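**Student:**
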Amino acid sequence: MTAQAEIGVIGGSGFYSFLDDVTEVTVDTPYGPPSDSLFLGEISGRSVAFLPRHGRKHHLPPHRINYRANLWALRSAGVRQVLAPCAVGGLRPEYGPGTLLVPDQLVDRTKTRVQSFFDGEPLPDGSQPNVVHCGFADPYCEHGRQAALSAARGRAWEPVDGGTLCVVEGPRFSTRAESRWHAAQGWSVVGMTGHPEAVLARELGLCYASMTLVTDLDAGAETGEGVSHEEVLRVFGENVGRLREVLFDAVGLLPAEQDCVCGRSLDGMDPGIKLP
Ligand SMILES: [Zn+2]
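Right, here's the structure in full:
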């Protein structure tokens, strides 16, 4: 596939469905098909590939998403910088519904997901990945984070700068005990999709930044019935318009070229396979 987009957005159809000129491109990968086609469009003069994380019909639960195929497909389209909005629960009472938090740290509590391209399994072309250990101390691209923060402030939506996103396996929500434990660790928000996206992006040398929209207070931080899927959808729907505005502004604020440490994640290592 020839290069067709410089920036990737992993998020639902609410982000691209109204763009005037969208081209749908089907991409296959050595890891199987991604969640859906790539939808290519232009925002602020930048070429963007949208990938609906759960599929356009939202048929893939978080633990069934082919995260490796998604990141590989974006890179094979030419993408080097990724913005990844997602819905989360707030772990502190002050992070109520409608809060926009741009995390700077991540805790992985997923259980069944493949976390690496370098797992010893040969690719269909016969190439053999080597054992590779990428640095992940700072899981998010600082340029992407700053673009998201500036974009939100520009739209008068004061964001929370930094915090820890805890990613759980799902698809169920947390128990009260789990939620209280997550909060007691000092973690900020909890979601189901931000990982292993982040580390797979790192392994491919992609910039990756999360933008989390709080749709509910998690079970330990509120006193009612606990989180409901209906409530999450309602709050997301109420905020998707302004999240899209911030996302598009952030696209325009990303560096013209990837010029940070993210692209050097494999320096000095031989991955054994050819990245797309
Ligand atoms: Zn970066």
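Here the UniProt record's numbering is used: the sequence shown runs in plain steps of one and ends on residue 276.
Built from N, CA and C at the ideal position, the CB exists for glycine as well.
As the structure is a computational prediction, the values presented were derived from the model and not from experiment.
1. Which residues mark the beginning and the end of the alpha helix (DSSP H) in which G154 is found?
2. For the stretch 185-209, list the beta strand (DSSP E) runs that are entirely contained and at least 3 residues long, ordered along the chain.
3. Rank V82, G170 and G162 by C-alpha distance to the C-alpha of W187 and give the top, closest one.
4. Let me know if S179 comes out buried or exposed under the rule of 16 or more other beta-carbons within 10 Å of its beta-carbon.
5. Cβ of P52 within 8 Å of Cβ of L247?
6. Should R92 be labelled buried (16 or more other beta-carbon atoms within 10 Å of its own) or exposed?
7. Which residue marks the beginning of the alpha helix (DSSP H) containing R68, and which one marks its end?
8. Suppose you measure from the CA of L101 to the CA of V107; what does that come to, to the nearest Å?
9. Within 10 Å of its beta-carbon, does R75 have 16 or more other beta-carbons around it, so buried, or fewer, so exposed?
10. Can you have a look at L40 and say buried or exposed, based on whether 16 or more other CB atoms are within 10 angstroms of its CB?
11. My assumption, with CB atoms under 8 Å, is that S47 sits in contact with E6. Please give the rounded CB distance.
12. May I ask you to report which of helix, strand or coil DSSP gives D249?
13. Closer than 7 Å: is that where the CB of G144 sits relative to any heavy atom of ligand 1?
14. How would you label residue 321, buried or exposed, when you count the other beta carbons within 10 angstroms and need 16 or more for buried?
15. Could you compute how far the alpha carbon of V82 sits from the alpha carbon of S228?
16. Judging by CA-CA distance, which residue of N130, I65 and P34 is the nearest neighbour of T112?
17. What would DSSP say about R53, mapped onto helix, strand or coil?
18. Taking D218 and V190 to be in contact with their CB atoms under 8 Å, please state how far apart those CB atoms are, rounded to whole angstroms.
19. For A84, which beta-bridge partners are listed by DSSP?
**Tutor:** This is what the structure holds:
1. E142 to G154
2. 189-191
3. G162
4. buried
5. no
6. buried
7. Y67 to S76
8. 15 Å
9. buried
10. buried
11. 5 Å
12. helix
13. yes
14. Missing from the structure shown is residue 321; the chain here goes from 1 to 276 and no further.
15. 29 Å
16. I65
17. coil
18. 5 Å
19. S210
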